[in-house]
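Line by line, the protein sequences give chains C and F.
This note's numbering puts the first residue of the first sequence at 8, with every later residue one more than the last.
This note's numbering puts the first residue of the second sequence at 8, with every later residue one more than the last.
Beta carbons are placed, not taken as given, at the ideal position from N, Cα and C, and that holds for glycine.
Everything numeric in this text was worked out from a predicted model, so none of it was measured.
These notes concern the structure reproduced below.
Protein chains: 2
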Amino acid sequence: MWNRLIECVPNISEGRRRDIIEEIAAAAAGEGRRVIDISADPDHNRSVITIVGEPEGLSAGILALARKAVERIDLREHQGEHPRMGAIDVIPFIPVRGVTMADCVALAREVGAGITRELEVPVYLYEEAATDVSRRNLAAIRKGGFEQFAEKIAAPEWRPDFGASRIHPTAGVVAVGAREFLIAYNINLATSDLRVAKEIAATVRFSTGGLRYVKALGLPLADQGIVQVSMNLTNFKKTPLLLVFDLVQREAARRGVMVVGSEIVGMIPRQALYDVAAATLQIERFSADLVLEDQIVAALQ
Amino acid sequence: MWNRLIECVPNISEGRRRDIIEEIAAAAAGEGRRVIDISADPDHNRSVITIVGEPEGLSAGILALARKAVERIDLREHQGEHPRMGAIDVIPFIPVRGVTMADCVALAREVGAGITRELEVPVYLYEEAATDVSRRNLAAIRKGGFEQFAEKIAAPEWRPDFGASRIHPTAGVVAVGAREFLIAYNINLATSDLRVAKEIAATVRFSTGGLRYVKALGLPLADQGIVQVSMNLTNFKKTPLLLVFDLVQREAARRGVMVVGSEIVGMIPRQALYDVAAATLQIERFSADLVLEDQIVAALQ
Numbered sequence: 008m009w010n011r012l013i014e015c016v017p018n019i020s021e022g023r024r025r026d027i028i029e030e031i032a033a034a035a036a037g038e039g040r041r042v043i044d045i046s047a048d049p050d051h052n053r054s055v056i057t058i059v060g061e062p063e064g065l066s067a068g069i070l071a072l073a074r075k076a077v078e079r080i081d082l083r084e085h086q087g088e089h090p091r092m093g094a095i096d097v098i099p100f101i102p103v104r105g106v107t108m109a110d111c112v113a114l115a116r117e118v119g120a121g122i123t124r125e126l127e128v129p130v131y132l133y134e135e136a137a138t139d140v141s142r143r144n145l146a147a148i149r150k151g152g153f154e155q156f157a158e159k160i161a162a163p164e165w166r167p168d169f170g171a172s173r174i175h176p177t178a179g180v181v182a183v184g185a186r187e188f189l190i191a192y193n194i195n196l197a198t199s200d201l202r203v204a205k206e207i208a209a210t211v212r213f214s215t216g217g218l219r220y221v222k223a224l225g226l227p228l229a230d231q232g233i234v235q236v237s238m239n240l241t242n243f244k245k246t247p248l249l250l251v252f253d254l255v256q257r258e259a260a261r262r263g264v265m266v267v268g269s270e271i272v273g274m275i276p277r278q279a280l281y282d283v284a285a286a287t288l289q290i291e292r293f294s295a296d297l298v299l300e301d302q303i304v305a306a307l308q
Numbered sequence: 008m009w010n011r012l013i014e015c016v017p018n019i020s021e022g023r024r025r026d027i028i029e030e031i032a033a034a035a036a037g038e039g040r041r042v043i044d045i046s047a048d049p050d051h052n053r054s055v056i057t058i059v060g061e062p063e064g065l066s067a068g069i070l071a072l073a074r075k076a077v078e079r080i081d082l083r084e085h086q087g088e089h090p091r092m093g094a095i096d097v098i099p100f101i102p103v104r105g106v107t108m109a110d111c112v113a114l115a116r117e118v119g120a121g122i123t124r125e126l127e128v129p130v131y132l133y134e135e136a137a138t139d140v141s142r143r144n145l146a147a148i149r150k151g152g153f154e155q156f157a158e159k160i161a162a163p164e165w166r167p168d169f170g171a172s173r174i175h176p177t178a179g180v181v182a183v184g185a186r187e188f189l190i191a192y193n194i195n196l197a198t199s200d201l202r203v204a205k206e207i208a209a210t211v212r213f214s215t216g217g218l219r220y221v222k223a224l225g226l227p228l229a230d231q232g233i234v235q236v237s238m239n240l241t242n243f244k245k246t247p248l249l250l251v252f253d254l255v256q257r258e259a260a261r262r263g264v265m266v267v268g269s270e271i272v273g274m275i276p277r278q279a280l281y282d283v284a285a286a287t288l289q290i291e292r293f294s295a296d297l298v299l300e301d302q303i304v305a306a307l308q
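So, in structure tokens, the structure goes:
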């Protein structure tokens, strides 16, 4: 077991061609890191690959994955519901155990510099790794998407942190950052009316008056004939999952719409599920010490 | 890490004198087993001690714990809300990993025989370890409690599985068994009216028409001036925790009473909390594979 553990969840702009997705994920394999999940979303045409490892191993693995993504994905032919600006769109590093946020920031800068040097893809550093407060928010960097980035990158305020002020012709640009654990969480609604999803997204997200650590979009799920509130929960300890779910459900009910179901894209930390269960059951003085497996692991260490 | 893992949760009839409780739990210590939790309940005047270990280690540890409990607890002076018949009241063995229910039954019989032989306390084998279907249900064995057991034990149908047909003068009798994981779960209600708790207990428990794997009692929590539905959930996979909570909450609301909170006595398996969270959030296709820590452990093995 590694003592210094970082998680990295690169998002690539390919969610339909399974062979290509697996080839890109496989490129990350090697000493000191492990690919533990591939979550492909055909509607978004986007995949989230989860890799854990020690800083040194992860650095080499992510560079190899980026190389393969740039080789295999041509954004000029890409269509999907999710905003994106790069073949490998976002690369966040997340501290898990035995490392600090500063370690993750250092790793983000090292990997970002390597991607520009080797692949000639311009890099923006974001969130905790940002070089300026205007670049902390990923949505601000991504605004306009691939199609408008050739123009955006020429503006002095959008000069990349690494690389020249021109996009890579097929791979666009990439954002590399460091942040706390993010839960990608979508709630599906029993209506085909996209306005319902968009209104609810606007109500729950921080940017338009909602909850502090929620980002949200309303999207159609065309093949199912329903709509989705697609969210990123950037701090589940301060804005709990259950609060977000209850608020979306209530806003949907106000419009005569039921929640069909919800989905976790990628991974969820165990604590987030414990928090939902403890709050739902109103468990007094809940802690992980009450959980059989956690106790056994603690006792046998 | 042990490959063959059994859990044992002896219930002792002492929940108030912390030093005595800890002395009894400490007696179980030794090679091949570990005390991982002590949950003392002053209202019930009862404690649940959780011990995990390999079959051999556990056998020696439980016998030592029983010896100390018989030495320290005098049931003639014991008062508390929970029905009981012994100083060490119940000893269940539960398969966790690498063992079968048959292994737990064999262990229950071995430990039961040892307790009678060494401590002269009569033993009833119950649930999976029972020698007759009439003794599977612990409540049937315990009915009447310590005060009436001197008489009950003389009846031919209540002849003990081990030992003579007379109770130990201070320690009563003990039930030793094997079973699946039991969640001891109590829900507290914002009323001092004991009838409300008793009515709801009667509604939710199997024996009077309720849910298949629920045992329930209505009890007063005198020091808090409220009442409690005190339950044992004997199969959380078939009768989910959330279903039980929702039903109790609904029955309470029907009587104009709010749920104050709930409590887990002892331990809860991780899966039971995952099930509550997944059902509450309506997560589609939930599995433990979505949980970060579970994935990391699986990947690094």
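Counting only Cβ-Cβ distances below 9 Å, residue 110 (chain F) has no contacts in chain C at all, with the closest Cβ about 17 Å away.
The beta carbons of residue 40 (chain F) and residue 22 (chain F) sit no closer together than 8 Å.
The DSSP-derived three-state label of residue 265 (chain F) is coil. For the segment 262-284 of chain F, the set of positions with a beta-carbon nearer than 7 Å to some beta-carbon of chain C reads 266, 268, 269, 270, 271, 274, 275, 276, 277, 280, 281, 283, 284 in chain order. With fewer than 16 neighbouring CB atoms inside 10 Å of its own CB, residue 176 (chain C) falls in the exposed class. Taking the beta carbon of residue 302 (chain F) as reference, the chain C residues within 9 Å of it are 43, 44, 57, 59, 274, listed in sequence order. Within the segment 210-241 of chain F, not one residue has a Cβ closer than 8 Å to any Cβ of chain C. Between the C-alpha atoms of residue 90 (chain C) and residue 179 (chain C) there is a straight-line separation of about 13 Å. Residue pairing from DSSP places residue 240 (chain C) in a beta bridge opposite C:190, C:221. Among the residues facing chain C, residue 189 (chain F) is not included, as its CB has no counterpart in that chain under 8 Å away. Three or more beta-carbon pairs separated by less than 8 Å link the segment 277-297 of chain C to the segment 275-286 of chain F, which places the two stretches in contact. Taking residue 210 (chain F) as the centre and dropping the five residues before and after it, the same chain places the C-beta of 216, 217, 254, 258 closer than 8 Å to its C-beta, in chain order. For residue 300 (chain F) and residue 298 (chain C), the gap between their C-alpha atoms comes out near 14 Å.
Residue 203 (chain C) is outside the set of residues whose beta carbon lies under 8 Å from a beta carbon in chain F.
By the Cβ test, the segment 162-174 of chain F is not in contact with the segment 201-210 of chain F, since fewer than three Cβ pairs between them sit closer than 8 Å.
DSSP places residue 46 (chain F) inside the beta strand (DSSP E), whose first and last residues are 40-48. Taking a cut-off of 8 Å on C-beta distances, the segment 85-104 of chain C touches the segment 136-152 of chain C, as three or more cross pairs fall below it. Interface with chain F (8 Å Cβ-Cβ cutoff): residue 155 (chain C) is excluded.
In the DSSP assignment, residue 99 (chain C) falls within the unbroken beta strand (DSSP E) covering 95-104. With its beta carbon less than 8 Å from one in chain F, residue 298 (chain C) belongs to the interface. Counting C-beta pairs with one atom in each stretch, the segment 48-58 of chain C and the segment 99-111 of chain C have fewer than three that are closer than 8 Å, which means they do not touch.
Counted as a single uninterrupted DSSP element, the stretch harbouring residue 132 (chain C) is not any alpha helix (DSSP H) but the beta strand (DSSP E) occupying residues 130-134.
Residue environment: residue 296 (chain C) is assigned as exposed (fewer than 16 neighbouring CB atoms within 10 Å of its CB, all protein chains considered).
The alpha-carbon separation between residue 153 (chain F) and residue 132 (chain F) amounts to approximately 17 Å. Across the set F:10, F:85, F:42, the C-alpha of F:85 shows the shortest separation from the C-alpha of residue 24 (chain F). Per DSSP, residue 184 (chain F) is one residue of the beta strand (DSSP E) stretching across 181-185. Closest by C-alpha distance to residue 102 (chain F), out of F:271, F:15, F:212, is F:15. The beta carbon of residue 100 (chain F) does not come within 8 Å of any beta carbon belonging to chain C, so the residue lies off that interface. When only Cα atoms are considered, residue 193 (chain C) and residue 262 (chain C) end up about 18 Å apart.
Take the alpha-carbon of residue 65 (chain F) and the one of residue 239 (chain F): they are about 24 Å apart.
Collapsing the DSSP output to three states places residue 199 (chain F) in coil. Around the beta-carbon of residue 272 (chain F), 16 or more other beta-carbon atoms lie within 10 Å, marking it buried.
Collapsing the DSSP output to three states places residue 23 (chain F) in coil. Close CB contacts of residue 234 (chain F) within its chain, under the 8 Å cut and outside five residues either way in sequence, are with 195, 196, 198, 199, 200, 201, 203, 204, 225, 226, 227, 228 (chain order).
The beta carbon of residue 115 (chain F) lies closer than 7 Å to those of 100, 132, 136, 183, 184, 185 in the same chain, with the five residues before and after it left out. Residue 291 (chain F) has a beta carbon lying within less than 8 Å of a beta carbon in chain C.
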